Amino acid sequence: MPANDSLVAAGVVVSPADLAALPQAHKIASPKEFIFGGNATFTIRSRKTGQRFTFKVTQKVDDATRERRDLFFVGVLTGSDNVGSYTYLGTISQGHYRHGLKSSIGPGAPSAVAFKWFIENLSSPAVEVFHEGRCGRCGRKLTTPESIERGFGPECASLI
Ligand SMILES: [Zn+2]
5 MPANDSLVAA
15 GVVVSPADLA
25 ALPQAHKIAS
35 PKEFIFGGNA
45 TFTIRSRKTG
55 QRFTFKVTQK
65 VDDATRERRD
75 LFFVGVLTGS
85 DNVGSYTYLG
95 TISQGHYRHG
105 LKSSIGPGAP
115 SAVAFKWFIE
125 NLSSPAVEVF
135 HEGRCGRCGR
145 KLTTPESIER
155 GFGPECASLI
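The sequence shown begins at 5 in this note's numbering and counts up by one.
Here it is, written out as structure tokens:
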């Protein structure tokens, strides 16, 4: 997929007003590490449209062995309740996003297009990711500035 200009600045905060519009947003030093932490909630933003999407990426854990697999489920926040109202979007494996056949959201929907672009451009410096103060691995609230900067609590950080 060619780079989509409309989303080149996904996640980039362009002014203090933008930052204010993302309450409790903390910029992550290493987006890739955070996204694949196992239980990551984060917001990206399109500079062109101003549209924001909040995603939740959770890792598949084997029921029997408790081993973490290279399979991540992607949900997009679709309701007003920013804890529970996530709609299944698709999966990521080997770093590639695959839109879910069973998703109620079409592959051409803005949230799906934005996420696909985002995953394919994770290493681009144009991509900035903001989390909401919760650990990317276990989802617990982060309390120290060091943890908030990295996006992981000390215990989880030592396991990554
Ligand atoms: Zn944690």
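Ideal Cβ placement from N, Cα and C applies to all residues, glycine included.
Keep in mind it's a predicted model, so treat the numbers as computed, not measured.
In this structure F57 touches S115 by the C-beta definition: roughly 5 Å separates them, less than 8 Å. For S151, the enclosing alpha helix (DSSP H) covers residues P149 to R154.
Of the candidates G41, G99 and S97, the residue whose Cα lies closest to the Cα of K60 is G41. Distances from the alpha-carbon of S108 to those of K120, T91 and H100 put T91 closest. Listed in chain order, the beta strand (DSSP E) runs fully inside the segment 66-115 are 72-81, 90-97 and 100-103, counting runs of at least 3 residues.
Shown here for D66: same chain residues with a beta carbon closer than 7 Å to its own, the five before and five after excluded, namely R73 in chain order. For I39, no beta strand (DSSP E) run applies; the uninterrupted alpha helix (DSSP H) run containing it begins and ends at P35 to I39, by DSSP.
Contact fails between the segment 145-157 and the segment 120-130, because fewer than three Cβ pairs, one in each stretch, are under 8 Å apart. DSSP places E159 inside the alpha helix (DSSP H), whose first and last residues are P158 to A161.
Around A33, the same chain offers E153 and R154 as residues with beta carbons nearer than 7 Å, after the five sequence neighbours per side are excluded. Counting along the chain, the unbroken beta strand (DSSP E) around R49 starts and ends at N43 to R49.
Ligand 1 has a heavy atom closer than 7 Å to the beta-carbon of G157.
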